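So the structure is just underneath, and the comments pick up after that.
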Amino acid sequence: MGKIISIVNQKGGVGKTTTAVNLGAYLAYLGKQVLLVDIDPQANATSGLGVDHRSLEHGIYEALIGQKTMFEVLKKTMQVGFDVAPATLSLAGAGIELVGMEEREYRLAKIINSVRDDYDFIIIDGPPSLGLLTVNSLVAADEVLIPIQSEYYALEGLSQLLETIGLVQGNLKPELGIMGAVITMYDNRNRLSGAVMNELYQYFPNRIFRTIIPRSVKLAEAPSYGRSILHYDPSSRGGRAYEKLAKEIIAL
119 MGKIISIVNQ
129 KGGVGKTTTA
139 VNLGAYLAYL
149 GKQVLLVDID
159 PQANATSGLG
169 VDHRSLEHGI
179 YEALIGQKTM
189 FEVLKKTMQV
199 GFDVAPATLS
209 LAGAGIELVG
219 MEEREYRLAK
229 IINSVRDDYD
239 FIIIDGPPSL
249 GLLTVNSLVA
259 ADEVLIPIQS
269 EYYALEGLSQ
279 LLETIGLVQG
289 NLKPELGIMG
299 AVITMYDNRN
309 RLSGAVMNEL
319 YQYFPNRIFR
329 TIIPRSVKLA
339 EAPSYGRSIL
349 HYDPSSRGGR
359 AYEKLAKEII
369 AL
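Every position in the sequence shown, counted from 1, becomes a number in our numbering once 118 is added.
Below, the structure is given as structure tokens:
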């Protein structure tokens with residue numbers, strides 16, 4: 119039965135999708151069966167894996183509203199053992215449409231559970247907001263991984279995110295765990311101050327991943343070629359970092 123990890127941060131531009139795509143690629147490279155579920159209407163994870171979301175007839179949205187099964191919307195990526203449940207443009211209205219539906223917070227959990235036995239890891243890439251799609255991504259998950267950009271303002275909004283996770287634990291999914299935080303976009307010329315680091319350790323006393331993801335031109339370029347860093351430049355600093363992070367997560 120696959121482990122379901124939701125990668126969440128309502129702050130945009132923190133490396134959330136980059137982490138979803140590249141962590142997934144390296145988990146598959148290390149022999150795991152991986153599914154990436156893209157529920158961000160921007161569909162960046164989908165296009166970053168070389169799937170043209172504009173030409174798709176259906177995607178995760180149709181599965182969410184019950185028009186299609188999860189099996190019907192899955193797509194293979196160029197990598198063996200790595201599939202994607204793609205986002206399409208129609209997902210943009212899903213937040214509103216789900217509001218009137220029965221068990222609206224559990225829609226994603228239900229469809230993911232239907233394919234859970236086929237994968238070792240299921241990674242959910244949610245939207246950069248705290249709306250109903252994000253709540254669905256939390257309810258569907260076993261654990262939450264929070265990418266945090268290494269800068270002074272990184273902790274802004276973090277308490278709000280942890281509050282939302284707490285509400286989900288209190289009302290919808292008591293067993294939801296916090297896997298921890300991974301520091302992204304690290305620029306060693308601009309050292310993350312000790313004060314920010316200490317504060318991070320207070321938020322996540324149990325786990326800040328040892329792997330730190332560097333700010334990297336190669337990581338930024340790879341999606342425009344529809345490739346993960348594994349297929350674009352695996353020997354780059356970004357490639358080596360995501361391989362290390364995947365190994366850390368498997369070791370858990």
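Glycine included, C-beta positions come from ideal geometry on N, C-alpha and C. None of these values were measured; they are calculated from a predicted model.
> Mind checking whether residue 263 and residue 123 have CB atoms under 8 Å apart?
Replying inline: yes
>> Measuring CB atoms only, is the segment 153-167 touching the segment 233-253, in the sense that at least three cross pairs come out at less than 8 Å?
In response: yes
>> With the cut-off set at 8 Å, would you say residue 273 and residue 317 are in Cβ contact?
In response: Cβ distance < 8 Å, so residue 273 and residue 317 count as in contact.
> Taking the C-alpha atoms as reference points, what is the distance between residue 171 and residue 369?
Replying inline: 33 Å
> Contact check, residue 191 vs residue 178 under 8 Å by CB: the rounded distance?
Replying inline: 6 Å
>> Below 8 Å on the Cβ atoms is my contact criterion, and I expect residue 394 with residue 234 to pass it. Report the Cβ-Cβ distance as a whole number of Å.
In response: With the chain represented from 119 up to 370, any question about residue 394 goes unanswered, as that position is not in the structure.
> Should residue 260 and residue 295 be called a contact, given that it needs their Cβ atoms to be closer than 8 Å?
Replying inline: When the beta-carbon positions are compared, residue 260 and residue 295 come within less than 8 Å of each other.
> Which of the three DSSP states, helix, strand or coil, is assigned to residue 304?
Replying inline: strand
>> Which same chain residues end up closer than 7 Å to residue 212 when comparing Cβ atoms and leaving out the 5 residues on each side of it in sequence?
In response: Cβ neighbours of residue 212 beyond the five flanking positions: 179, 182 and 251.
>> To test your reading of the DSSP string, which unbroken beta strand (DSSP E) runs of 3 or more residues are found completely within the segment 241-289?
In response: 261-267
> Can you name the start and end residues of the beta strand (DSSP E) that residue 155 belongs to?
Replying inline: 152-156
> Would DSSP call residue 332 helix, strand or coil?
Replying inline: strand
>> Can you look up residue 340 in the DSSP assignment and give me helix, strand or coil?
In response: helix
>> For residue 300 and residue 363, which I take to be in contact (beta-carbon distance under 8 Å), what is that distance rounded to the nearest angstrom?
In response: 6 Å
> When the distance is taken between beta carbons, is residue 246 closer than 8 Å to residue 128?
Replying inline: yes
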